[in-house]
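Below: one structure, written as structure tokens.
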Amino acid sequence: QKQESTEQLIELRKETESQLLSKDKDYQNLMKQKNELEQRYNEQVTKTTEFEQEIEKYKADLHSMKLKHDRLDYDIVQERIALNLREKSIKNNLDEIKEKYMNLQKENKESL
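Basically our numbering = 1-based index in the sequence shown + 82.
Take a look at the structure:
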């Protein structure tokens, strides 16, 4: 009976060790999966951060382009104003020249 008890204990111990080995393998697999998931998560966080940085860069570029566009619009308006003033000045000068020419012609006719 002692022999039988010893054999049962040995068998129980083998089963227990087998179960422990199996649980250890399961634990190692779970840890491996956990590490893989953490790595994928970190990669996604990095990609998201890169995308966010890219979006912020595009926003800054867009804002800069809008400021340049607004400045160009302002410059165009100023140039139109200056052009209109030059046009009026030229017309006034032409009118003065025509008037002087008419006066000279008038004087010439009177002197003849």
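We treat Cβ as the ideally placed atom computed from N, Cα and C, and that holds for glycine.
For residue j and residue i, the rounded distance between their alpha carbons
{"i": "F133", "j": "R153", "result": "30 Å"}
{"i": "K170", "j": "Y183", "result": "20 Å"}
{"i": "I137", "j": "K150", "result": "20 Å"}
{"i": "N205", "j": "Y109", "result": "Limits of the chain in this structure are 83 at one end and 194 at the other, which puts residue 205 out of reach."}
Residues near residue i by beta carbon distance below 7 Å, same chain, minus five either side
{"i": "N111", "result": "none"}
Exercise for the section: Note down, one range per segment and in chain order, each alpha helix (DSSP H) of at least 4 residues found wholly within the segment 125–179. Expected result: Look at the segment 125–179 and you find no whole run of alpha helix (DSSP H) that is 4 residues long or longer.
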